[in-house]
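Colleague:
Shown next as structure tokens:
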């Protein structure tokens, strides 16, 4: 989250070419997919990655 703020220009456009930001986003997606897989295995009905991400950040 904070890294994306640092990579934002004066027009509020995020520079997606930043290597660290790409690594953070890739890692986040990997973790979310793993959590989603485990939740589905345990019988959870939540299947939306954005919903899982939001709940993890609470």
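Residue numbers (full-length UniProt numbering): 1 to 58.
The beta carbon of each residue, even a glycine, is placed where N, CA and C say it ideally should be.
Residue range of the alpha helix (DSSP H) that residue 2 falls in?
Modeller: Where residue 2 is concerned, the enclosing alpha helix (DSSP H) stretches over 2-6.
Colleague: Based on Cα-Cα distance, which residue from 16, 31, 18 lies nearest to residue 53?
Modeller: Of 16, 31, 18, the residue nearest in Cα terms is 31.
Colleague: Can you tell me where the alpha helix (DSSP H) with residue 13 in it begins and where it stops?
Modeller: Where residue 13 is concerned, there is no enclosing alpha helix (DSSP H), given that its DSSP letter is neither H nor E.
Colleague: Looking at the unbroken alpha helix (DSSP H) that takes in residue 54, where does it start and where does it end?
Modeller: Its alpha helix (DSSP H) spans residues 49-57.
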